[in-house]
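Position 25 of the sequence shown, counted from 1, bears residue number 25 in UniProt numbering, the numbering being contiguous throughout. See structure below.
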Amino acid sequence: MSRKQGSSGKGKSAGRGQQDTNNKGSVRGANHNKSKSFARGNAPVKPKPNSAKTNNLGEVRLNKYIANSGICSRREADAHIAIGLVTVNGKVVTEMGYKVKLTDEVRYDGARVNPEKKAYVLLNKPKGFATTTSEGKGRTVMDLVANATSSNIKPIGRLGRNSTGLLLFTNDDDVVKKFTNSKKGVPRLFQVELDKNLKFDDLKRIQEGFKIEGKLITVEEISYIDGQSKHFIGLKIKNTGNTIIRTIFDYLNYDIIKIDCVAIAHLTKKDLPRGHWKHLTEQEINTLKML
Numbered sequence: 001m002s003r004k005q006g007s008s009g010k011g012k013s014a015g016r017g018q019q020d021t022n023n024k025g026s027v028r029g030a031n032h033n034k035s036k037s038f039a040r041g042n043a044p045v046k047p048k049p050n051s052a053k054t055n056n057l058g059e060v061r062l063n064k065y066i067a068n069s070g071i072c073s074r075r076e077a078d079a080h081i082a083i084g085l086v087t088v089n090g091k092v093v094t095e096m097g098y099k100v101k102l103t104d105e106v107r108y109d110g111a112r113v114n115p116e117k118k119a120y121v122l123l124n125k126p127k128g129f130a131t132t133t134s135e136g137k138g139r140t141v142m143d144l145v146a147n148a149t150s151s152n153i154k155p156i157g158r159l160g161r162n163s164t165g166l167l168l169f170t171n172d173d174d175v176v177k178k179f180t181n182s183k184k185g186v187p188r189l190f191q192v193e194l195d196k197n198l199k200f201d202d203l204k205r206i207q208e209g210f211k212i213e214g215k216l217i218t219v220e221e222i223s224y225i226d227g228q229s230k231h232f233i234g235l236k237i238k239n240t241g242n243t244i245i246r247t248i249f250d251y252l253n254y255d256i257i258k259i260d261c262v263a264i265a266h267l268t269k270k271d272l273p274r275g276h277w278k279h280l281t282e283q284e285i286n287t288l289k290m291l
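As structure tokens, then:
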């Protein structure tokens, strides 16, 4: 593993998320009710209504409701409706142009349809922010992405309040399941700074796996970082949190100075300074779904 991987976050641009907020129309018309944000560089955007456009009665065409969920296009949704694959509140609907309320229960081929547009936001988390959606926890990562999207996104996994690096947010349940799948999971690469050199015997022990209180502790990869002292370690895990990292080094009597997530699968900090977010590109989303 190379130290160079983690330094890519010092780019000049904040990525797509930064660029999108420079749009002139993103601030006007917001009735001056700007959401509070601690992000450095991600300007507020105009609050958006629910992604499924509604009329004055709070209704939306069924095909658009389905298309906004990301299942298919509107034209394809019409075809699914016509052959009876769609139900509204338990009843099959085949009528073209049928309108539903956002509170209705719409199902396609038996599965519940979420009318909210899928969103994928990557944050380069700074220190001092808790990874939680709960209120009353002080500054949280939700403050940093408050203006990223109107969709109800949540962080996948956790980074400690004083840990830094990449954190992915989405409302796509299928992507979340990839991370939480106990057999597969999604690899995350961390750079860890210790209070002293990591002994080679301890590195081999971590590499081979060992038991703590009867529980086998394993990682995907571990190595020293090229060009750095042996205080600095590269560590790849598939766990959604980073508690395992602290568990390992606490057990081996090392104090952790810093934990930084420098990569999530194919996603890196390139052009994403600390405290900034960006929307994933179509290619990044497709690659994520194929993992």
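Glycine included, each C-beta is placed from N, C-alpha and C at the ideal position.
If you check the CB distance, T94 and G84 come in under 7 Å. Note on geometry: alpha-carbon atoms of P115 and G227 lie some 50 Å from one another. Under the Cβ criterion (8 Å, minimum of three pairs), the region 208-217 does not count as touching the region 183-200. Counting every other CB atom within 10 Å of its CB across the protein chains shown gives A119 a total of 16 or more, marking it as buried. DSSP places A79 within a helical segment (H, G or I) once states are collapsed to three. By alpha-carbon distance to V176, the top candidate from L194, N162 and I156 is I156. Distance from the Cα of D173 is smallest, within the candidate group R112, V192 and G160, for R112.
Counting along the chain, T180 sits inside the alpha helix (DSSP H) bounded by residues D173 to T180.
Under the DSSP assignment, Q283 falls in the alpha helix (DSSP H) whose first and last residues are E282 to M290.
Fewer than three pairs of CB atoms, one per stretch, sit closer than 8 Å, so the region 225-242 makes no contact with the region 275-283.
Membership of Y65 in the alpha helix (DSSP H) is indicated by the continuous run L62 to N68. Judged by DSSP in its simplified three-state form, I212 adopts strand. Counting along the chain, no beta strand (DSSP E) covers Y98, and no H or E run does either. Each residue's CA atom was taken as its position, placing G70 and K117 some 7 Å apart.
In its own chain, leaving out the 5 sequence neighbours on each side, no residue places its CB closer than 7 Å to the CB of K199.
Within the DSSP secondary-structure output, T87 pairs in a beta bridge with V92 and R107. Boundaries for F129: no alpha helix (DSSP H) harbours it, and the DSSP string shows neither H nor E there.
CA-CA distance, L272 to G160, rounds to 20 Å. Burial is judged here by how many other beta carbons sit within 10 angstroms of a residue's own beta carbon; A82 has fewer than 16 and is exposed. As summarised for the region 198-250, the continuous beta strand (DSSP E) elements at least 3 residues long and confined to that stretch are 210-212, 215-217, 221-224 and 232-237, given in chain order. In this chain, V262 is not harboured by any alpha helix (DSSP H); it is covered by the beta strand (DSSP E) spanning I256 to I264.
With a contact defined as Cβ atoms closer than 8 Å, Q191 and G234 qualify at about 6 Å. A direct Cα-to-Cα measurement between S151 and N171 gives close to 7 Å. When DSSP states are grouped into helix, strand and coil, V113 belongs to the coil group. Excluding residues up to 5 positions away in sequence, G209 and F210 lie with their Cβ nearer than 8 Å to the Cβ of L216 in the same chain. A residue is called buried when at least 16 other Cβ atoms come within 10 angstroms of its Cβ; M142 meets this threshold and is buried.
In the structure shown, the three-state DSSP call for R158 is coil.
In the DSSP secondary-structure assignment, K278 is bridged to L122.
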